[in-house]
Amino acid sequence: MPDSVELNGTLYEFDFRGYLQDFSRWSPQLMDWYAEREKIELTVEHRKVIDFLRIFFAEKKVHPVARSVAEEMGETLGREKGTVKYLHTLFPTGIHQAYKIAGLPRILLSV
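For the sequence shown, the working numbering begins at 14 and goes up steadily by one.
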């Protein structure tokens with residue numbers, strides 16, 4: 014993963030794991046770039062998850078857990094899509110893949 018990328022004249026910088034350094038600099042172009050790198054073809058369902066993650070993080074300054082995201086998707090997209098299993102069909106490597114595409118920072122764990 015590069016430490017930065019320039020898209021349409023805007024420079025985006027990443028940490029050593031590929032997470033965007035500055036949440037406020039995220040853009041739909043960056044989302045598309047991430048999705049291409051992750052080999053994900055974005056659908057309306059992906060966008061709804063990404064929008065939910067961005068709004069949740071902007072308001073609460075914490076990452077929502079996968080179960081909360083799944084419950085929200087169940088309310089938004091229908092009960093059959095309100096499971097962590099369905100979330101994994103959208104983001105095969107898990108919720109952290111969705112965090113990255115949504116421009117959320119990497120979770121820092123304290124020991």
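Note that the Cβ used here is the ideal one computed from N, Cα and C, for glycine as well.
Beta-carbon spacing of residue i, residue j below 8 Å
i, j, result
"LEU117", "LEU66", "yes"
"LEU103", "GLU49", "no"
"PHE27", "LEU33", "yes"
"VAL82", "ILE63", "no"
"HIS125", "TYR112", "One cannot answer for residue 125 here, as it falls past the ends of the chain, which runs 14 to 124."
Straight-line Cα distance separating residue j from residue i
i, j, result
"GLY31", "LYS94", "28 Å"
"MET44", "LYS98", "22 Å"
"LEU121", "PHE29", "13 Å"
"MET86", "HIS101", "12 Å"
"LEU90", "GLU84", "10 Å"
"GLN42", "VAL78", "25 Å"
"ARG162", "THR23", "Because residue 162 is not part of the residues shown, which for the chain are 14 to 124, the question remains open."
Secondary structure of residue i, DSSP reduced to three states
i, result
"PHE69", "helix"
"THR23", "strand"
"VAL78", "coil"
"SER17", "strand"
"LEU4", "Absent from the model: residue 4. The displayed extent of the chain is 14 to 124, so no value can be given."
"GLU51", "coil"
"THR89", "helix"
"PRO118", "coil"
Pick from the options that is closest to residue i, judged by C-alpha positions
i, options, result
"ALA71", "GLU51, TRP39, GLY91", "TRP39"
"PRO15", "ASP64, ILE63, TYR47", "TYR47"
"LYS52", "TYR112, ARG119, THR106", "THR106"
"ILE114", "LYS61, THR23, GLU85", "LYS61"
"PHE69", "LEU100, GLY91, PHE36", "PHE36"
"LYS74", "GLY22, ARG119, SER17", "ARG119"
Residue i - containing alpha helix (DSSP H), residue span
i, result
"THR102", "97-103"
"LYS113", "108-114"
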